[in-house]
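Below is one structure, written out as structure tokens; the observations come after it.
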Amino acid sequence: MKKIALALCAASALFGANTYNYEFTPVVGYAHPEGTQGIDDQKFIGLRIARNLDMFLLSQLELGFDYSKNVTFENILGRETDLTRYYINLIKDFPLTDVFSVYGLLGLGYQDLTHEANDIEDGGFAQAGLGLKYKVTDNFALKAEARDALDWNHGSNTFLYSLGFAVSFGEVAKAAPAPVVEKVAPAPAPIAPAIGDEDGDGVFDNVDRCPGTPKGVVVDEYGCEKVIRLNLKANFAFDSATVSPEYEAKIKEVANVMIDNPEYRVILEGHTDSTGPDAYNQKLSLKRANAVASVLEKMGVSKSKITTEGFGESKPIASNATKEGRAQNRRVEAKFRNK
1 MKKIALALCA ASALFGANTY NYEFTPVVGY AHPEGTQGID DQKFIGLRIA RNLDMFLLSQ
61 LELGFDYSKN VTFENILGRE TDLTRYYINL IKDFPLTDVF SVYGLLGLGY QDLTHEANDI
121 EDGGFAQAGL GLKYKVTDNF ALKAEARDAL DWNHGSNTFL YSLGFAVSFG EVAKAAPAPV
181 VEKVAPAPAP IAPAIGDEDG DGVFDNVDRC PGTPKGVVVD EYGCEKVIRL NLKANFAFDS
241 ATVSPEYEAK IKEVANVMID NPEYRVILEG HTDSTGPDAY NQKLSLKRAN AVASVLEKMG
301 VSKSKITTEG FGESKPIASN ATKEGRAQNR RVEAKFRNK
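Each residue of the sequence shown is one higher than the one before, counting from 1 in the UniProt record's numbering.
This is how it looks when you write it as structure tokens:
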């Protein structure tokens, strides 16, 4: 069961973290009551507004209503009523591709009639449903949905089918990057009268902080191996190992460095936030590094020159106590070596 939950969560992260806070959805639809409810089929219009959530088992909290005009009663000639259904739904998305997703919903509601007849009256209902969502742009999507509402007064079902479009708004504020603090290098040690270079790296022994450097390794002014680190800023959605197309330009910079310097090799280090078990995060971080490696290979970098490592949640660069900090920690970094 735990593996299934993790798989569903990983699937839901393919669309990436929510970039908008709210979703507004007008709909049109058709309702088919069954059983002893005493009203005929009806068309309806509706409106929903949802709050996007970044939670393990919940994607949205939705409020909505459906309105039908001049609904006729069964077996009561000439009698009509307007009908409004108010409801609140819990929604979970399950993406299928980059643009298609299905979602499930559970909710509670209340049905209000302007005119009652016999035992046909206002009352509560519970509902469940499935929907299909097609993402046209970043903040516009088309929706098709089917629901089954169980009427508490009669124990009968109403099947509701609707079409609509969703508009997302209220863009989530992006976290400001952490300020870069330059480290002041300590003053070099005084030059001793006898000067030598035992390891042959071009740095005199009296200032060499890393004696015994292997031959052929590029070193800095202190005789230590020179490592070029580049933060790809390839941040990932929660539980996701999919590289968003917006980061391919940054990965292309790494590919260009490798192609321009055939003697280099690159080490990709994957990281996660602290959400989830340590062992799972360790595997997920390696998957993230491998995902970036696959993009580099497609850009012409030889697989033999790429090494991937996963560090899980062990090396955060921001606080995991905030949503913005967790987003910064879901990343892949690259470093180059000349050997």
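Where is the CB? At the ideal position from N, CA and C, for every residue including glycine.
CA-to-CA distance, residue j to residue i, given in whole angstroms
i: Thr-307; j: Arg-265; result: 8 Å
i: Ala-13; j: Thr-97; result: For Ala-13, the predicted model reports a pLDDT of 42, less than 50, meaning its position is unreliable and no value from the coordinates is stated.
i: Asp-208; j: Ala-187; result: 13 Å
i: Arg-330; j: Pro-214; result: 34 Å
i: Asn-157; j: Gly-107; result: 14 Å
i: Phe-44; j: Asp-148; result: 15 Å
i: Asp-260; j: Asn-320; result: 37 Å
i: Gly-35; j: Glu-74; result: 11 Å
i: Asn-52; j: Ala-144; result: 19 Å
i: Val-167; j: Asp-138; result: 9 Å
i: Arg-288; j: Leu-90; result: 30 Å
i: Leu-113; j: Gly-164; result: 24 Å
i: Thr-322; j: Met-258; result: 35 Å
i: Asp-54; j: Val-184; result: 40 Å
i: Pro-262; j: Leu-268; result: 17 Å
i: Leu-230; j: Thr-25; result: For Leu-230, the predicted structure reports a pLDDT of 46, less than 50, and the residue's modelled location is therefore unreliable. The matter cannot be settled from this model.
i: Lys-252; j: Phe-169; result: 31 Å
i: Glu-246; j: Leu-58; result: 26 Å
i: Gly-46; j: Ala-31; result: 12 Å
i: Ala-10; j: Ser-285; result: Residue placement at Ala-10 is flagged as unreliable, the pLDDT there being 45, under the threshold of 50; a coordinate-derived value is accordingly withheld.
i: Thr-72; j: Ala-128; result: 25 Å
i: Leu-6; j: Arg-337; result: Low local confidence applies: a pLDDT of 46 at Leu-6 is under 50, so the model's placement there is unreliable, with the coordinate-based value given in what follows. About 36 Å.
i: Met-299; j: Ala-291; result: 13 Å
i: Leu-232; j: Phe-159; result: Any answer about Leu-232 is weak, because its pLDDT of 48 lies below 50 and its placement is not dependable; what the coordinates show is given next. Near 49 Å, if we compare the C-alpha coordinates of Phe-159 and Leu-232.
i: Asn-70; j: Leu-142; result: 28 Å
i: Ala-279; j: Phe-56; result: 18 Å
i: Gly-109; j: Pro-33; result: 16 Å
i: Leu-77; j: Gln-111; result: 22 Å
i: residue 367; j: Lys-305; result: There is simply no residue 367 to check, as the chain begins at 1 and stops at 339 in what is shown.
i: Lys-250; j: Pro-177; result: 17 Å
i: His-115; j: Leu-105; result: 30 Å
i: Tyr-222; j: Cys-210; result: 7 Å
i: Ala-255; j: Ala-293; result: 10 Å
i: Val-136; j: Thr-242; result: 20 Å
i: Gln-60; j: Val-181; result: 39 Å
i: Ala-327; j: Phe-140; result: 24 Å
i: Lys-92; j: Glu-225; result: 49 Å
i: Ala-146; j: Pro-277; result: 36 Å
i: Pro-179; j: Lys-335; result: 21 Å
i: Phe-94; j: Ala-117; result: 42 Å
i: Glu-333; j: Asp-66; result: 49 Å
i: residue 345; j: Asp-119; result: The chain is shown from 1 up to 339; residue 345 falls before or after that span and cannot be answered.
Start-to-end residues for the alpha helix (DSSP H) that takes in residue i
i: Ser-326; result: The question names Ser, but residue 326 is Arg in the sequence shown. First-last of the alpha helix (DSSP H) with Arg-326: 323 to 329.
i: Glu-297; result: 278 to 298
i: Glu-253; result: 248 to 260
For residue i: DSSP bridge partner residues
i: Ala-144; result: Leu-132, Leu-163
i: Arg-51; result: Tyr-22, Leu-61
i: Leu-150; result: Ala-126, Asn-157
i: Phe-73; result: Ile-39
i: Arg-337; result: Arg-265
i: Ala-31; result: Gln-42, Leu-160
i: Asp-66; result: Gly-46, Arg-85
i: Val-219; result: Glu-225
i: Val-332; result: Gly-270
i: Phe-56; result: The partner list for Phe-56 (beta bridge, DSSP) is empty, contrary to what the question assumes.
i: Ile-120; result: Ala-117
i: Ser-168; result: Glu-23
i: Thr-137; result: Phe-140
Span of the beta strand (DSSP E) around residue i
i: Asp-82; result: 80 to 95
i: Phe-204; result: Neither: Phe-204 is in no beta strand (DSSP E) and is coded neither H nor E.
i: Tyr-110; result: 100 to 113
i: Val-266; result: 265 to 271
i: Ile-306; result: 306 to 310
Assumed close pair residue i, residue j - CB separation to whole angstroms, cut-off 8 Å
i: Gln-37; j: Ser-68; result: Actually they are not in contact, since the Cβ atoms of Gln-37 and Ser-68 sit about 13 Å apart, beyond 8 Å.
i: Gly-312; j: Gln-282; result: 4 Å
i: Thr-50; j: Tyr-22; result: According to the sequence provided, residue 50 is Ala. The question's Thr does not apply to it. Yes, they are in contact, since the Cβ atoms of Ala-50 and Tyr-22 sit about 7 Å apart, within 8 Å.
i: Val-295; j: Glu-248; result: 6 Å
i: Ser-244; j: Val-28; result: Incorrect: roughly 34 Å between the Cβ atoms, too far for contact.
i: Ile-88; j: Glu-62; result: 7 Å
i: Gly-64; j: Arg-48; result: 3 Å
i: Glu-309; j: Lys-303; result: About 15 Å; that fails the 8 Å criterion.
i: Gly-196; j: Asp-205; result: 5 Å
Next on the checklist: Contact between the region 116 to 131 and the region 147 to 157 is defined here as three or more beta-carbon pairs at a separation below 8 Å; is this criterion met?
Outcome noted: yes
Checklist entry - If you pair each beta-carbon of the region 86 to 103 with each one of the region 132 to 146, do three or more pairs fall below 8 Å? => result yes
Next on the checklist: Taking 8 Å as the cut-off, does the region 270 to 280 touch the region 299 to 318 (at least 3 CB pairs, one atom from each stretch)?
Outcome noted: yes
Checklist entry - Using 8 Å as the threshold, is the region 70 to 89 in touch with the region 198 to 206, meaning 3 or more CB pairs across them? => result no
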